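From first to last, the protein sequence lines stand for chains V and D. Residues 22 to 291 (this note's numbering) are what the first sequence spells out, left to right. Residues 26 to 239 (this note's numbering) are what the second sequence spells out, left to right. Just so you know, even glycine gets a beta-carbon here, dropped at the ideal spot from N, CA and C. Values in this document were obtained by computation on a predicted structure and should not be read as measured data. What follows is a set of notes on a single structure, which appears directly below.
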Amino acid sequence: MKRQLPLILVFVFGTLMVIQYFVPHENSEIVKGFLLDWIVIIGIFALALGLWSLVQVSVAKINSRKENWEYPLVTLISLTVMIFFGFTSHAENASWWGYFLAITVFLVALWMFLQGFMGQAANRNMKLLGGLGLLIVFSLLAIFDNSWEFKFYTAEGLTNQMFVHFFDYIMIPLQATMFALLAFFITSASYRAFRARNLLATLLLISALIVMLRFTPGPWGEYLAKTSAWVMNVPNLAAQRAIVIGIGLGIVATALKVILGIERGYMGKG
Amino acid sequence: MEMISIWIAAILTLGIFSFLYKDNPLYKACEALFVGVSAAYWAIVFYFDNIYKKFYEGAVTADEPDYFLWIGAILGLLFLTRLIPKIGWVSRWPMALIVGATAGLWMVGYFVSNAMNQIGSTISGIIVYDTATGFVAWGETFGSLVILVGVLSGLVYFFFSKEHKGVFGATAKVGTWFLMVTFGASFGYTVMSRMSLLIGRVDFLLGDWLGILR
Chain V
22 MKRQLPLILV FVFGTLMVIQ YFVPHENSEI VKGFLLDWIV IIGIFALALG LWSLVQVSVA
82 KINSRKENWE YPLVTLISLT VMIFFGFTSH AENASWWGYF LAITVFLVAL WMFLQGFMGQ
142 AANRNMKLLG GLGLLIVFSL LAIFDNSWEF KFYTAEGLTN QMFVHFFDYI MIPLQATMFA
202 LLAFFITSAS YRAFRARNLL ATLLLISALI VMLRFTPGPW GEYLAKTSAW VMNVPNLAAQ
262 RAIVIGIGLG IVATALKVIL GIERGYMGKG
Chain D
26 MEMISIWIAA ILTLGIFSFL YKDNPLYKAC EALFVGVSAA YWAIVFYFDN IYKKFYEGAV
86 TADEPDYFLW IGAILGLLFL TRLIPKIGWV SRWPMALIVG ATAGLWMVGY FVSNAMNQIG
146 STISGIIVYD TATGFVAWGE TFGSLVILVG VLSGLVYFFF SKEHKGVFGA TAKVGTWFLM
206 VTFGASFGYT VMSRMSLLIG RVDFLLGDWL GILR
């Protein structure tokens with residue numbers, strides 16, 4: 022039951038998906054559609070598990086008070102605040118004070134609950150009681166403050182001004198700068214990689230130079246752009262195809278191992 | 026509000042760039058902030074795309090509710106049994122559905138797209154004709170031949186069941202030449218994409234924030 026049923030399920034659903042490809046019938050497409058919908062819905066629960074794991078790890082780090090324990094606190098606060106923004110909407114031209122007060126009360130209540138469940142045994146009940154009290158205060162704020170409201174069943178949260186601001190002015194700049202930072206390290210790496218020590222290193226150097234200089238203005242610009250296009254569309258394409266064919270065959274072999282129950286790593290231990 | 030947001034974005038940008046000097050508290054705080062915000066962002070987006078739009082609108086509020094979607098939701102709830110060690114093994118059932126269905130789907134899909142279609146594109150239409158004149162287009166034909174040689178020699182290089190010696194070894198060596206050209210092109214491409222991102226950030230700092238660039 023614990024290990025046999027999952028193996029049977031993998032075989033049945035795997036075979037079903039393979040067969041449906043060769044049976045171009047309306048019903049076969051319907052079955053495929055259902056399976057894909059289920060996968061998508063199950064996926065969001067897997068994401069919830071991931072979030073819970075992030076919270077657990079962060080709380081454990083904070084409670085241990087080891088070096089750098091402050092940063093998981095930043096992660097937890099930003100996570101909670103962003104989720105709060107995503108599930109609420111704020112009335113236009115209304116005051117923001119009630120909204121921010123509600124977030125603060127919610128954060129403290131959540132922290133007390135987390136400490137009550139995961140923290141040390143001492144004062145556990147007090148923390149849970151405090152968390153419950155603050156949650157009641159938060160509920161009263163949610164009911165009586167008309168400047169904001171919860172939006173679980175409309176996608177309005179995605180258009181919440183604060184949610185959009187957090188995305189535009191925190192997430193995007195951080196993400197873009199993280200990748201931009203790599204420009205410095207990749208330049209240093211390319212200095213070491215692009216040394217013409219032998220034929221292979223020289224080929225690497227030449228093709229990289231041609232691709233990097235393709236947008237260079239000047240008399241050589243057009244020639245470099247054409248050469249770069251040829252490098253990308255001919256020798257590069259040839260090796261990419263060899264790699265892609267290899268990957269395709271590798272995926273087929275791995276999928277076959279999974280469907281036949283030879284590869285069982287997804288079940289974990291126990 | 027806009028001005029405050031730009032200042033926050035600028036401070037965060039400088040915070041990440043501060044790593045160039047050395048690992049420091051500001052960088053670590055920015056990193057932690059990014060983890061929290063992006064995890065929450067994707068959770069919210071997936072919630073509205075999958076739970077709200079697909080499940081809630083499909084199985085609850087639709088004129089003709091699709092009751093089969095409830096099976097997905099129940100399987101999703103079973104996935105959460107992983108949090109309870111005693112019955113954690115139940116979470117293998119939805120996991121088995123995901124793994125089995127994905128394996129079946131990918132097995133055929135990737136075989137067609139990655140193997141068959143690529144082989145087909147490589148060996149078909151090697152001799153290219155000029156549509157205007159009807160004569161052989163020598164440039165394109167040469168390109169097709171180079172691609173054929175590159176794909177074959179690249180595949181030979183990745184075949185490790187036979188020792189790379191003699192003709193087989195020489196072919197594999199030609200394969201490594203093609204691979205190095207590809208790695209060089211990919212590396213150059215990555216360098217340029219990172220550079221354009223860097224230019225974008227500098228443009229933001231000097232333009233939107235400091236107003237030096239107009």
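Beta-ladder partner(s) of residue i, from DSSP
| i | result |
| --- | --- |
| V:HIS111 | V:TRP169 |
| D:VAL161 | D:TYR154 |
Residue i, buried or exposed, once every other Cβ within 10 Å from all chains shown has been counted against 16
| i | result |
| --- | --- |
| V:THR109 | buried |
| D:GLN143 | buried |
| V:GLY269 | buried |
| V:ASP189 | exposed |
| V:THR175 | exposed |
| D:THR158 | exposed |
| V:ALA115 | exposed |
| D:THR38 | buried |
| V:GLN182 | exposed |
| D:SER221 | exposed |
| V:HIS111 | buried |
| V:PRO27 | buried |
| D:PRO119 | buried |
Closer than 8 Å at the beta carbon, the chain D residues around residue i
| i | result |
| --- | --- |
| V:GLY178 | ILE69, PHE73 |
| V:VAL39 | GLY129, MET132, VAL133 |
| V:ILE62 | ASN75, ILE76, LYS79, PHE80, LEU94, GLY97, ALA98, LEU100, GLY101 |
| V:LYS23 | TRP114, ARG117 |
| V:PHE121 | Per Cβ cutoff of 8 Å: no residues; V:PHE121 is ~13 Å from chain D at best. |
Within chain V, partners of residue i - CB distance below 9 Å
| i | result |
| --- | --- |
| D:THR38 | PRO194, LEU195, ALA197, THR198, ALA201 |
| D:ILE144 | ARG262, ILE266 |
| D:TRP118 | LEU26, PRO27, LEU30 |
Closer than 7 Å: residue i CB and nearest the ligand FMN heavy atom
| i | result |
| --- | --- |
| V:GLY107 | With respect to the ligand FMN, the structure shown offers nothing to examine, as it has no ligands at all. |
Rounded C-alpha distance that separates residue i from residue j
| i | j | result |
| --- | --- | --- |
| D:MET205 | V:LEU56 | 41 Å |
| D:TRP95 | D:GLU82 | 12 Å |
| V:GLN136 | V:TRP169 | 28 Å |
| V:PHE163 | V:ALA123 | Correcting the residue identity first, residue 163 of chain V is Ala in this sequence and not Phe. Straight-line Cα distance between these residues: approximately 8 Å. |
| V:VAL61 | V:ALA204 | 35 Å |
| V:ALA259 | V:MET253 | 9 Å |
| V:ILE266 | D:GLY209 | 20 Å |
| D:VAL192 | V:VAL273 | 29 Å |
| D:PHE80 | V:GLY54 | 13 Å |
| V:LYS172 | V:GLY35 | 38 Å |
| D:LEU101 | V:TRP59 | For the sequence presented, residue 101 of chain D should be read as Gly rather than Leu. Their Cα atoms are separated by approximately 8 Å. |
| D:ALA197 | V:LEU221 | 13 Å |
| D:MET217 | V:MET233 | 6 Å |
Local conformation of residue i per DSSP, three classes
| i | result |
| --- | --- |
| D:ASN139 | helix |
| V:VAL39 | helix |
| V:ASN146 | helix |
| D:ASP74 | helix |
| V:ALA216 | According to the sequence displayed, residue 216 of chain V carries Arg and not Ala. If DSSP states are grouped into helix, strand and coil, V:ARG216 belongs with coil. |
| D:LEU231 | helix |
| V:LEU156 | helix |
| V:MET199 | helix |
Contacts that residue i makes with chain V (C-beta to C-beta distance below 7 Å)
| i | result |
| --- | --- |
| D:PHE93 | PHE55 |
| D:ILE123 | ILE60, ILE63 |
Contact set between residue i and chain D, taken where Cβ atoms lie within less than 9 Å
| i | result |
| --- | --- |
| V:MET147 | Going along chain D, no residue has its Cβ under 9 Å from V:MET147, so there is no contact; the nearest lies around 25 Å. |
| V:GLY107 | ALA65, TYR66, ALA68, ILE69, VAL70, TYR72, PHE73 |
| V:GLY137 | Within 9 Å Cβ-Cβ: nothing; V:GLY137 doesn't reach chain D, min ~17 Å. |
Within chain D, partners of residue i - CB distance below 7 Å
| i | result |
| --- | --- |
| V:TYR92 | LYS53, ALA54, ALA57 |
| V:HIS186 | SER30 |
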